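In my numbering, the protein residues as written are 126 to 318.
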């Protein structure tokens with residue numbers, strides 16, 4: 126992915142930040158640029174400074190605000206005049222809704238339509254699995270969450286590994302908590318026909 130640009134939303138911390146680190150560590154992403162979407166510009170600048178890599182730039186982006194999205198789109202057009210090569214739409218909130226219903230209604234149908242109507246684009250759904258991030262820091266359940274760095278490996282696989290060049294696939298980070306990153310396993314399932 127030489128000289129290409131990836132925009133990652135919600136990337137100043139947690140899983141999004143781990144995605145940045147995974148891309149920066151990937152030999153396939155040697156000359157690319159990452160746009161770190163951050164709801165708060167100062168938090169994004171701090172996170173960018175901690176990464177210490179000139180390939181990462183901050184874009185103020187609150188995905189819940191139409192005004193912020195419009196402003197970010199203008200900024201991205203300036204920062205990446207040739208457009209972005211990939212969007213990792215990571216930003217989110219943790220809520221109480223029924224996950225399966227929300228996923229089916231708001232995501233699966235839309236992605237399926239995109240994959241069918243834009244066969245020239247690679248549309249994929251990706252799940253890092255249950256990762257321990259700031260949103261679930263007080264989690265007391267029985268299920269053991271994995272580290273965000275392990276979950277982030279699926280995004281690199283989607284771009285450069287088993288998901289490369291494919292559309293209409295669901296990729297899931299299938300490793301158990303505690304698995305070393307070099308042993309990470311990604312599983313692929315077709316969801317679009």
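Glycine included, every Cβ here is placed at the ideal spot set by N, Cα and C. Small disclaimer: the values here were computed from a predicted structure and weren't measured.
Close Cβ partners of residue i (< 7 Å) along its chain, the five nearest in sequence each way excluded
i: residue 170; result: 183
i: residue 144; result: 133, 136, 213, 215, 277, 280
i: residue 315; result: 293, 294
i: residue 267; result: none
Proximal residues to residue i (C-beta, below 8 Å), its chain only, five neighbours per side dropped
i: residue 318; result: With a pLDDT of only 48 at residue 318, under the threshold of 50, the placement of this residue in the model should not be trusted; the figure read from the coordinates follows. Closer than 8 Å at Cβ, skipping near neighbours: 293.
i: residue 302; result: 269, 270, 271, 272, 275
i: residue 166; result: 183, 185
i: residue 168; result: 137, 138
i: residue 153; result: 126, 281, 284, 285
Sequence-distant residues of the same chain with beta carbon closer than 6 Å to residue i, five excluded per side
i: residue 216; result: 134, 135, 188
i: residue 279; result: 251, 253, 296, 298, 311
i: residue 205; result: 130
i: residue 128; result: 156
i: residue 194; result: none
Nearest candidate by alpha-carbon position, reference residue i, set the options
i: residue 192; options: 164, 311, 279; result: 164
i: residue 87; options: 313, 282, 314, 315; result: With the chain covering 126 to 318 only, the question about residue 87 has no answer from this structure.
i: residue 174; options: 146, 304, 196; result: 146
Proximity below 8 Å, CB of residue i to CB of residue j
i: residue 132; j: residue 201; result: yes
i: residue 162; j: residue 258; result: no
i: residue 172; j: residue 142; result: yes
i: residue 249; j: residue 288; result: yes
i: residue 151; j: residue 285; result: yes
i: residue 178; j: residue 148; result: no
i: residue 308; j: residue 300; result: yes
> Between the segment 152 to 169 and the segment 199 to 214, do three or more beta carbon pairs fall short of 8 Å?
Replying inline: yes
>> Using a Cβ distance threshold of 8 Å, determine whether the segment 275 to 287 contacts the segment 248 to 255, with at least three qualifying pairs required.
In response: yes
> Which residue spans inside the segment 139 to 164 form an unbroken alpha helix (DSSP H) run of at least 4?
Replying inline: 139 to 150
> In chain order, which continuous runs of the beta strand (DSSP E) of length 3 or greater are located wholly inside the segment 249 to 276?
Replying inline: 249 to 252
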